[in-house]
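Structure record follows, encoded as structure tokens.
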Amino acid sequence: MSYFFIIIISIIAVGAILAFVRFVKGPTAADRVVALDTISFMAIALMVFLGFVLERFIYIDVSLVYAVLGFVGVITIARYLEGGI
Amino acid sequence: MSNTLIVITIISLFFLIVAGIYAVIKKDLLQAAIATGLISLVLSILFYILQAPDVALTEAAIGIALSTIIFVLAIRNTKRFEDN
Amino acid sequence: MIVIEYLAYFLITLGAVFLFLGALGIFRMPDIYTRIQAGTKSSTLGAMSLVLGTGLLGFVSFTPGYPWLIKTIIIVIFVAIANPLSSHALARGAYKDKIAPFTKENIDAYQEVEKNIEEEMEDAK
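Printed below as a string of structure tokens:
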């Protein structure tokens, strides 16, 4: 495969490591939820891109499920922090 | 290209181990539930790389939505901080 | 076709750079609200453009190309709905949880240097 795919995947991996450092360091629960949300959307983009690289069309469905259901957990924790749930 | 997949696997396993240790030792149960969500996300990526997209799809649907909601409802009905 | 391919490469590069900048904003910013603002905007744009670029690249690379384009457009629509919604709910929850926003204090670094110099001068005397 070409170097273009390796460079793109490396950039996303370095970004995921930075967000994970914030997940470990973050003082409150909301910081950790923000880091989890960012890692989740990075995983969506990475799954679609790996589906193209591996030449499998059916692999995109995993990313579709994440895009549909990924915000439910974040909204639940946000409602708990707000005191509404 | 397989070297890139191996590097992604190593990074994912590092995330998995650190998040698991964090979820065990933390006294704040809400943050432990958030760490459980991260564990589910990383496990889904690992299943994806191991070429099992159906297992990854089930893990995504169960772990990111249903498990977090049940944990938060349980924390709401009991208490948030663990005793020493 | 070659125009669509170069557009796809441009969109993929733009998306990867914006995802990295969003993670850098989450790593560097001092406060929860600035972290939400820096992380969510750039991660939304980055994920949308990378997914759309991959769809265009799959559209020109494979022979039945249109399912890639349709499914990636559906993913882009769901990302555009979900990510601002969750960030809005999270910012509201953090404000109701009484997390104090970061206020920039009057930082004067040179004053401390000058004070140390004066103390050293008095000690020398």
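Protein chains in written order, with my numbering: chain A, 1 to 85; chain B, 1001 to 1084; chain C, 2001 to 2125.
Virtual Cβ for every residue (Gly too), placed ideally from N, Cα, C.
Quantities reported herein were computed from a predicted structural model and do not represent experimental measurements.
- Counting only runs of 3 or more residues that sit fully inside the stretch 1020-1053 of chain B, no beta strand (DSSP E) segment turns up.
- One finds S1044, Y1048, P1053, A1056, L1057, A1060 in chain B with Cβ atoms closer than 8 Å to the Cβ of V62/A, taken in chain order.
- Here F1081/B carries a strand assignment [DSSP, helix/strand/coil].
- Rounded to whole angstroms, the separation of the alpha carbons of A2047/C and V62/A is 15 Å.
- Taken in chain order, the members of the stretch 24-53 of chain A whose beta-carbon sits within less than 8 Å of a beta-carbon on chain B are V24, A29, R32, V33, L36, I39, S40, A43, L46, M47, L50, V53.
- With respect to the 8 Å criterion, G1037/B and T1068/B are classified as neighbours on the basis of their beta carbons.
- At a cut-off of 8 Å between beta-carbon atoms, I2070/C makes no contact with chain A.
- When only Cα atoms are considered, A1056/B and A2109/C end up about 52 Å apart.
- Here the C-alpha atom of A2008/C lies approximately 40 Å from the C-alpha atom of F2102/C.
- For the pair A19/A and I39/A, the Cα-to-Cα distance works out to about 7 Å.
- When L1029/B, N1003/B, I1008/B, L1043/B are compared, the shortest CA-CA separation from I1064/B is found for L1043/B.
- Chain-order list of chain B residues neighbouring V65/A: L1057, A1060, A1061, by C-beta distance under 7 Å.
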